[in-house]
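**Q**
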Amino acid sequence: MKIRVLLADDQTLVRAAFAMLVESAPDMEVVGQAGTGRAAVELARSDRADLIVMDIRMPDLNGIEATRLLADDEDLAGVKVLMLTTYDTDEHVFEALRAGASGFLVKDTKPGELLEAIRTVAAGDSLLSPGPTSRLIERVLRAPEPPVAGPGGPEGLSDRECQVLALVARGLNNTEIAETLGLSPLTAKTHVSRIMGKLGVRDRAQLVIVAYESGLVRPGVAGEP
0 MKIRVLLADD QTLVRAAFAM LVESAPDMEV VGQAGTGRAA VELARSDRAD LIVMDIRMPD
60 LNGIEATRLL ADDEDLAGVK VLMLTTYDTD EHVFEALRAG ASGFLVKDTK PGELLEAIRT
120 VAAGDSLLSP GPTSRLIERV LRAPEPPVAG PGGPEGLSDR ECQVLALVAR GLNNTEIAET
180 LGLSPLTAKT HVSRIMGKLG VRDRAQLVIV AYESGLVRPG VAGEP
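Residue numbers for the sequence shown follow numbering that gives the first Met the number 0, beginning at 0 and rising by one.
Right, dumping it as structure tokens:
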């Protein structure tokens with residue numbers, strides 16, 4: 000089965016270039032193109048896209064609001080959003096992740112990296128570059144001071160789950176989490192899935208947001224889990 004990709008960008012030439020790139024991949028196909036966030040949401044419903052490559056700034060309805068509408072629609076729960084921005088320091092990216100985007104890329108990303116990003120997000124993983132993401136969250140949460148979590152971290156999580164969540168927020172994948180905590184990769188994956196269920200989040204991107212907003216991970220402080 001090919002990955003069904005919807006392209007949402009208000010610049011026609013950008014959409015055309017992305018469309019040529021996506022169509023060149025044997026495991027992908029472009030099922031629609033939208034010039035506004037509202038059109039992207041409508042096409043997602045009609046064309047049943049698996050993933051939307053969404054520009055963060057568009058007329059009528061921007062990428063953040065469009066992503067929020069997609070996340071709130073139960074019929075579109077399986078549609079992933081890969082957000083595009085001009086700069087990796089764009090503070091709107093934080094809101095996009097909070098709204099439900101599964102990751103972000105800057106527009107000058109190499110063609111091959113964009114295709115791999117689409118595959119990664121379509122497979123259900125998040126695409127978070129630890130450096131830019133942590134710097135971005137640090138800047139957004141710097142004022143006011145984020146709340147300090149209690150000894151158990153976010154409510155309802157065990158000590159082990161808080162350890163796993165902290166490592167997710169630091170950008171570690173399941174294999175790296177397993178190595179750090181002396182677990183099997185399957186056990187680490189199970190922990191991550193259970194944490195998502197307890198916190199009611201869609202993916203790892205949302206876990207990063209929860210970890211920082213709860214105070215479990217402090218901006219600018221690496222900290223050991």
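C-beta: ideal position from N, C-alpha, C; glycine also.
1) For a quick check, are the C-beta atoms of Glu185 and Gln162 less than 9 Å apart?
2) Quick check on this structure: which residue in Gly111, Lys1, Ile63 and Thr108 has the alpha carbon closest to the alpha carbon of His91?
3) Looking at the structure shown, is Pro145 part of a helix, part of a strand, or coil, going by DSSP?
4) Note the first and the last residue of the continuous alpha helix (DSSP H) segment covering Asp158.
5) From the DSSP output, in three-state form, read off Arg3 for me.
6) Give the straight-line distance between the Cα atoms of Leu215 and Met53, rounded to the nearest whole angstrom.
7) Let me know if Ser45 comes out buried or exposed under the rule of 16 or more other beta-carbons within 10 Å of its beta-carbon.
8) In whole angstroms, give me the CA-to-CA distance for Ala16 and Ala65.
9) May I have the straight-line CA-CA distance separating Ala194 from Asp158, to the nearest angstrom?
10) Quick one, are the C-beta atoms of Asp26 and Ile2 less than 9 Å apart?
11) Which one or two residues does DSSP pair with Lys79 in a beta bridge?
12) Name, in chain order, the residues that DSSP records as bridge partners for Met27.
13) Suppose you measure from the CA of Gly155 to the CA of Ala210; what does that come to, to the nearest Å?
14) Note down, in chain order, each residue of its chain lying with its Cβ closer than 7 Å to the Cβ of Ala204, except the 5 sequence neighbours on either side.
15) Please list the terminal residues of the continuous beta strand (DSSP E) segment that includes Gly102.
**A** Inspection of the coordinates gives the following:
1) Reading off the sequence, residue 185 comes out as Leu, not Glu. No.
2) Ile63
3) With a pLDDT of 42 at Pro145, under the threshold of 50, the modelled position of that residue is not reliable, and the figure given next carries that caveat. Of the three classes helix, strand and coil, the one that applies to Pro145 here is coil, per DSSP.
4) Asp158 to Ala168
5) strand
6) 30 Å
7) exposed
8) 22 Å
9) Sequence check: residue 194 is Ile here, not Ala. Between Ile194 and Asp158, the C-alpha separation is close to 12 Å.
10) yes
11) Leu50
12) Ile2
13) 13 Å
14) Leu96, Ala100, Ser101, Gly102, Ser125 and Leu127
15) Gly102 to Val105
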